[in-house]
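Which chain is which? The protein sequence lines are A and B, in order.
Heads up: the first sequence begins at 1 in the numbering used here, then just goes up one per residue.
Heads up: the second sequence begins at 388 in the numbering used here, then just goes up one per residue.
Beta carbons are placed, not taken as given, at the ideal position from N, Cα and C, and that holds for glycine.
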Amino acid sequence: MTHPHPALLPTGLADVLPPFAALEAAAGERALAVFAAQGYERTMPPMLEFEESFLSGAGEPLARETFRMMDPASQRMLALRSDMTPQIARIAATRLANSPRPLRLCYLGAVMRVSGERAGAERQVRQAGAELIGSGRAEADAEIVLLAAKALAAIGVERVSVDLNVPRLAGEVLAGLDLNGASAALMAALDRKDFSETRRLAPKAAARTLEQLIDAGGPVDAAFAAAAAIDLPEAARERIARLAGIVALIQAEAPDLQLTIDFVEHRGFAYHTGVAFSLFAEGHTGELGRGGRYRAPAPDGHDPASEPAVGFTLFMEAAGRAARRPAPTARVYLPHGASVRDREAILEAGHVAVAGLEPVADTAAEAKRLGCAGAWRVDHIEFFQEG
Amino acid sequence: MSVIRLADAEPIRLALPKGRILKELKPILEAADIRPEAAFEDGEARQLRFKANIPGLEIVRVRSFDVASFVAFGGADIGVAGRDVLMEFDDPEVYAPLDLGIGKCRLAVAEPEAMAPTDDPSRWSHVRVATKYPNVTKRHFAARGVQAECIKLNGAMELAPVLGLCSRIVDLVSTGSTLRANGLVEIEHIADISSLLIVNRTQLKTRPRLLKAWIDRFRSALDAQAA
Numbered sequence: 001m002t003h004p005h006p007a008l009l010p011t012g013l014a015d016v017l018p019p020f021a022a023l024e025a026a027a028g029e030r031a032l033a034v035f036a037a038q039g040y041e042r043t044m045p046p047m048l049e050f051e052e053s054f055l056s057g058a059g060e061p062l063a064r065e066t067f068r069m070m071d072p073a074s075q076r077m078l079a080l081r082s083d084m085t086p087q088i089a090r091i092a093a094t095r096l097a098n099s100p101r102p103l104r105l106c107y108l109g110a111v112m113r114v115s116g117e118r119a120g121a122e123r124q125v126r127q128a129g130a131e132l133i134g135s136g137r138a139e140a141d142a143e144i145v146l147l148a149a150k151a152l153a154a155i156g157v158e159r160v161s162v163d164l165n166v167p168r169l170a171g172e173v174l175a176g177l178d179l180n181g182a183s184a185a186l187m188a189a190l191d192r193k194d195f196s197e198t199r200r201l202a203p204k205a206a207a208r209t210l211e212q213l214i215d216a217g218g219p220v221d222a223a224f225a226a227a228a229a230i231d232l233p234e235a236a237r238e239r240i241a242r243l244a245g246i247v248a249l250i251q252a253e254a255p256d257l258q259l260t261i262d263f264v265e266h267r268g269f270a271y272h273t274g275v276a277f278s279l280f281a282e283g284h285t286g287e288l289g290r291g292g293r294y295r296a297p298a299p300d301g302h303d304p305a306s307e308p309a310v311g312f313t314l315f316m317e318a319a320g321r322a323a324r325r326p327a328p329t330a331r332v333y334l335p336h337g338a339s340v341r342d343r344e345a346i347l348e349a350g351h352v353a354v355a356g357l358e359p360v361a362d363t364a365a366e367a368k369r370l371g372c373a374g375a376w377r378v379d380h381i382e383f384f385q386e387g
Numbered sequence: 388m389s390v391i392r393l394a395d396a397e398p399i400r401l402a403l404p405k406g407r408i409l410k411e412l413k414p415i416l417e418a419a420d421i422r423p424e425a426a427f428e429d430g431e432a433r434q435l436r437f438k439a440n441i442p443g444l445e446i447v448r449v450r451s452f453d454v455a456s457f458v459a460f461g462g463a464d465i466g467v468a469g470r471d472v473l474m475e476f477d478d479p480e481v482y483a484p485l486d487l488g489i490g491k492c493r494l495a496v497a498e499p500e501a502m503a504p505t506d507d508p509s510r511w512s513h514v515r516v517a518t519k520y521p522n523v524t525k526r527h528f529a530a531r532g533v534q535a536e537c538i539k540l541n542g543a544m545e546l547a548p549v550l551g552l553c554s555r556i557v558d559l560v561s562t563g564s565t566l567r568a569n570g571l572v573e574i575e576h577i578a579d580i581s582s583l584l585i586v587n588r589t590q591l592k593t594r595p596r597l598l599k600a601w602i603d604r605f606r607s608a609l610d611a612q613a614a
């Protein structure tokens with residue numbers, strides 16, 4: 001057997017190097033600060049849980065995406081978390097069962113996915129997110145969407161666009177119609193906005209409605225107007241009315257935030273039951289985050305057995321790539337033998353002090369070799385000319 | 388014909404496939420009033436990026452199998468790709484909102500004529516298949532409990548059974564004459580194929596008015612042709 005090159009990592013995994021690691025960490029801290037400012041309290045669940053508890057309730061749809069291993073100590077199967085939302089929901093239902101509702105919790109941490117969403121995609125994803133548990137009101141949905149947009153702005157992402165979805169809407173239109181097992185393929189066709197495939201797979205009675213629903217998607221105002229003209233079942237109509245209420249609340253607070261609606265999208269919203277959303281930024285392919293309303297398991301003995309919850313997750317690698325990068329802090333070389341006060345002077349000026357560990361003949365050359373933009377000279381910083 | 392002039396200056400990149408599909412696409416492009424610069428017509432030119440009569444529009448010409456990748460990763464905002472390619476790549480970032488009704492054919496399983504009469508597909512547990520579409524092939528056979536071992540070829544699939552690489556192939560069939568010429572018969576239909584207008588998902592979400600205007604432009608062109 002040939003040994004792999006020592007630098008080779010498994011598919012979908014990468015080392016994050018300077019300066020990106022620091023930028024990513026700073027972005028996470030900025031997101032957490034936004035959450036904290038609105039009363040969301042930091043929670044740190046572990047990387048591993050018992051498989052049965054992780055994959056029950058909200059975690060159930062994650063089974064295919066979750067790594068498992070056997071715990072030699074307990075001889076039980078463990079799940080490596082593939083999403084943090086089910087962990088937060090579990091904590092809310094158990095250890096924080098007696099905390100007053102609505103409960104506002106936030107988190108930052110890495111999760112592992114078996115496949116990633118496409119070949120070659122990252123399998124380790126850093127998630128920063130917030131969950132609002134115990135309120136079913138539109139105000140809660142609006143708060144979560146606005147919080148996600150604010151966090152992206154704080155990270156430095158510009159031209160954010162929120163795509164609002166009603167994952168259960170297509171199902172309601174199709175409810176009661178005989179699908180002859182075509183439903184999975186039909187749902188996939190809807191997801192891809194594939195008109196011709198939808199027409200081929202949908203029952204005659206629903207095909208026209210589904211096409212109209214695909215077509216109605218777009219900027220919010222036009223989308224609501226188009227949806228109003230579609231003949232929809234009462235339950236679907238109620239879902240759209242609820243979405244309209246949430247949109248009004250969002251627009252009242254953030255009139256400049258671009259909002260679009262996609263009435264047929266449902267992928268990635270495995271556990272979502274109400275309004276859901278995806279976050280995008282113009283010019284950056286792929287989602288920066290995702291969220292929506294779901295049912296969290298309720299504390300023991302609680303009736304009903306689940307409580308309303310809404311939350312979101314930002315994908316920090318994607319958000320980081322879409323963010324405007326802050327100017328890096330200048331590194332200044334502090335020659336061997338300089339005093340503590342000299343170091344403090346560099347730090348007070350807002351720079352980074354990189355200490356020399358031994359005397360060198362050419363201070364400037366040594367400073368440049370270590371990637372410093374300047375060096376300490378007796379009583380001041382000398383910055384080098386570019387090039 | 389309704390052409391949306393408002394959007395004309397906004398930058399947009401269209402990926403078009405080389406070859407057979409491009410020929411069939413020409414009347415649609417004309418009807419949509421999309422006129423690429425002259426060099427685009429020159430199949431020998433080394434140029435890969437082209438201007439057109441619309442100020443914001445750039446056209447890139449790539450292999451038909453690559454259009455979906457360009458659109459999926461945002462290298463192009465819109466493109467024209469066969470359903471066979473979309474089925475093979477099945478990328479969640481690609482939307483396929485409009486069937487252009489060109490490049491029509493079907494994706495099928497074929498095997499040697501001599502083998503077909505005695506072959507009982509219900510007894511298969513494993514098949515070796517030569518194809519350009521390993522993902523579609525594996526899915527198709529797995530759905531009925533058969534494991535497909537694929538030999539990935541990029542062309543001349545019909546040679547594989549003749550020269551003994553394997554017994555079966557999965558390939559595009561239009562008239563069936565190539566199959567016949569090589570002593571093969573079509574034994575299973577996988578899907579009807581045509582070319583679709585595809586759109587990058589993020590683009591549709593973040594520049595919805597512009598992208599919808601472009602989809603409408605192609606849709607109107609199809610309607611104008613049909614009328």
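Asked: Chain-ordered chain A contacts of residue 424/B [CB-CB under 7 Å]; Found: Ordered by position in chain A, no residue passes the 7 Å Cβ test against residue 424/B, which lies about 26 Å from the chain.
Asked: Distance between residue 411/B and residue 459/B (C-alpha atoms, nearest Å); Found: 23 Å
Asked: Contiguous alpha helix (DSSP H) assignments of at least 4 residues, all confined to the region 312–346 of chain A; Found: 316–322
Asked: Assumed close pair residue 332/A, residue 374/A - CB separation to whole angstroms, cut-off 8 Å; Found: 5 Å
Asked: Under 7 Å between C-beta atoms of residue 465/B and residue 439/B; Found: no
Asked: Inter-residue Cα distance where the pair is residue 129/A and residue 311/A; Found: 7 Å
Asked: Neighbour flag for residue 398/B against chain A, beta carbons, 7 Å; Found: no
Asked: Span separating the alpha-carbon of residue 7/A from that of residue 113/A; Found: 21 Å
Asked: 7 Å Cβ cutoff met for residue 297/A and residue 306/A; Found: yes
Asked: C-beta atoms of residue 527/B and residue 489/B nearer than 7 Å; Found: no
Asked: 7 Å Cβ shell around residue 267/A - same chain, five flanking residues per side excluded; Found: 191
Asked: Start-end ranges of the beta strand (DSSP E) lying completely within the region 262–297 of chain A, minimum 3 residues; Found: 272–281, 284–297
Asked: DSSP state of residue 562/B mapped onto helix, strand, coil; Found: coil
Asked: CA-to-CA distance, residue 382/A to residue 276/A, given in whole angstroms; Found: 54 Å
Asked: Residue 161/A - partner residues in DSSP beta bridges; Found: 258/A, 280/A
Asked: Three-state secondary structure (DSSP) of residue 132/A; Found: strand
Asked: For residue 372/A: DSSP bridge partner residues; Found: Answer is none; residue 372/A lacks a bridge partner.
Asked: Local Cβ density within 10 Å of residue 98/A, reported as buried at 16 or more and exposed below that; Found: exposed
Asked: For residue 553/B, the nearest candidate out of 514/B, 595/B, 609/B, 586/B (CA to CA); Found: 514/B
Asked: Bridge partner(s) assigned by DSSP for residue 77/A; Found: 70/A
Asked: Buried or exposed (CB count within 10 angstroms, at least 16 for buried), residue 384/A; Found: exposed
Asked: Residues bridged to residue 423/B (per DSSP); Found: 439/B
Asked: 7 Å Cβ cut-off: residues of chain B touching residue 286/A; Found: 480, 589
Asked: Helix, strand or coil at residue 240/A [DSSP, three-state]; Found: helix
Asked: Span separating the alpha-carbon of residue 560/B from that of residue 575/B; Found: 11 Å
Asked: Rounded C-alpha distance that separates residue 597/B from residue 446/B; Found: 16 Å
Asked: Residues near residue 96/A in its chain [Cβ-Cβ closer than 7 Å; skip 5 each side]; Found: 103
Asked: CB contact below 7 Å: residue 483/B versus chain A; Found: yes
Asked: Amino acids of chain B, ordered along the chain, whose beta-carbon sits closer than 7 Å to that of residue 218/A; Found: 595, 599
Asked: Pair within 7 Å by beta-carbon distance, residue 503/B and residue 556/B; Found: no
Asked: Distance CB(residue 59/A)-CB(residue 19/A) smaller than 7 Å; Found: no
Asked: Proximal chain A residues relative to residue 460/B, where beta-carbon distance stays under 7 Å; Found: 285
Asked: Contact the region 242–259 of chain A vs the region 133–141 of chain A: 3+ CB pairs below 8 Å; Found: yes
Asked: N-terminal and C-terminal residue of the beta strand (DSSP E) that residue 104/A is part of; Found: 103–112
Asked: Cβ-based burial, residue 339/A [other Cβ within 10 Å; buried from 16]; Found: exposed
Asked: Through-space distance from residue 26/A to residue 17/A, alpha-carbon basis; Found: 14 Å
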